[in-house]
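Asker: Pasting a structure here, questions to come.
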Amino acid sequence: MKHLVAPSVNVCVIRGNRALLSRRAHTGWMDGSLCLPGGHVEAGESPTGAIVREIQEELGVVVDPKDLEFCCVAVRNTKPTQYVAYEFVLRDKDYDYINAEPGKCSELIWAEIGALPMDVIDDFSQIINQGVIGGHSYLEIGF
21 MKHLVAPSVN
31 VCVIRGNRAL
41 LSRRAHTGWM
51 DGSLCLPGGH
61 VEAGESPTGA
71 IVREIQEELG
81 VVVDPKDLEF
91 CCVAVRNTKP
101 TQYVAYEFVL
111 RDKDYDYINA
121 EPGKCSELIW
131 AEIGALPMDV
141 IDDFSQIINQ
151 GVIGGHSYLE
161 IGF
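When you line the sequence shown up against this note's numbering, it's residues 21 to 163, in that order.
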């Protein structure tokens with residue numbers, strides 16, 4: 021059986037005690053659920069370059085890479101692809117975030133980081149709770 025491992029990136033944007041989440045739409049995976057903004061690392065792209073690009077594509081802002089904090093690596097066992105996700109934190113620097121991909125995201129919401137909504141995809145709840153809040157630098161999810 022073919023085994024595919026794909027690199028990905030996500031960002032937890034934090035403003036005060038709230039995190040910015042996006043509601044998936046028209047993607048074919050977990051539509052209607054909340055997740056962290058992010059996506060795949062393209063060929064030849066660094067994880068930092070990928071998250072800067074994804075933030076611009078999804079949230080409509082160009083961030084200074086120096087504003088990003090590395091949080092953790094999350095190995096996510098999702099079928100058919102296993103992801104090695106580089107997780108970043110961006111503490112609000114007065115960026116004006118917008119839903120720049122309305123075809124893939126129906127809304128952006130700010131949620132209390134310590135009391136996430138029930139419809140956050142479990143992988144991302146674990147990343148926030150164990151990585152962002154808990155300070156763990158390596159997570160294995162879904163094994």
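From the three backbone atoms N, C-alpha and C, an ideal C-beta is built for every residue, glycine too.
In the DSSP assignment, what are the bridge partners of His60?
Answerer: Counting from one through the sequence shown, the residue named residue 60 turns up at place 40. According to DSSP, His60 bridges with Ser28.
Asker: How would you call Gln76, buried or exposed, if buried means at least 16 neighbouring beta carbons within 10 angstroms?
Answerer: Numbered from its first residue, the sequence shown carries residue 76 at position 56. So Gln76 ends up on the exposed side.
Asker: If you draw a straight line from the C-alpha of Gly59 to the C-alpha of Ala120, how long is it?
Answerer: Reading the sequence shown from its first residue, position 39 is the one you call residue 59. Reading the sequence shown from its first residue, position 100 is the one you call residue 120. Near 14 Å, if we compare the C-alpha coordinates of Ala120 and Gly59.
Asker: Return the CA-CA distance between Trp49 and Arg43, expressed in angstroms with no decimal places.
Answerer: For the purposes of this step, residue 49 is taken as the residue at position 29 of the sequence shown. For the purposes of this step, residue 43 is taken as the residue at position 23 of the sequence shown. So the two alpha carbons sit approximately 11 Å from each other.
Asker: For Val152, which of helix, strand or coil comes out of DSSP?
Answerer: Looking up residue 152 in the sequence shown gives position 132. If DSSP states are grouped into helix, strand and coil, Val152 belongs with the helices.
Asker: Are the beta-carbon atoms of Lys113 and Asp143 separated by less than 8 Å?
Answerer: The residue labelled residue 113 in the question sits at position 93 within the sequence shown. The residue labelled residue 143 in the question sits at position 123 within the sequence shown. Contact: no.
Asker: Thinking C-alpha only, which one of Ile161, Val31, Ala26, Ala45 is nearest Asn97?
Answerer: By one-based count along the sequence shown, residue 97 stands at place 77. Among Ile161, Val31, Ala26, Ala45, the Cα nearest to that of Asn97 belongs to Ile161.
Asker: Mind listing, in chain order, the continuous alpha helix (DSSP H) runs of no fewer than 4 residues lying wholly within the stretch 39-96?
Answerer: The qualifying runs are 67-79.
Asker: Judging by CA-CA distance, which residue of Phe163, Tyr103, Ile129, Leu159 is the nearest neighbour of Ile34?
Answerer: Translated into positions along the sequence shown, residue 34 becomes position 14. Nearest of Phe163, Tyr103, Ile129, Leu159 to Ile34, Cα basis: Ile129.
Asker: Taking the CB atoms as reference points, tell me whether Cys91 and Gly134 lie closer together than 8 Å.
Answerer: Residue 91 sits at position 71 when you count from the first residue of the sequence shown. Residue 134 sits at position 114 when you count from the first residue of the sequence shown. Cβ atoms of Cys91 and Gly134: not closer than 8 Å.
Asker: Helix, strand or coil, according to DSSP, for Ile141 in the structure here?
Answerer: Reading the sequence shown from its first residue, position 121 is the one you call residue 141. Coil at Ile141, not helix or strand.
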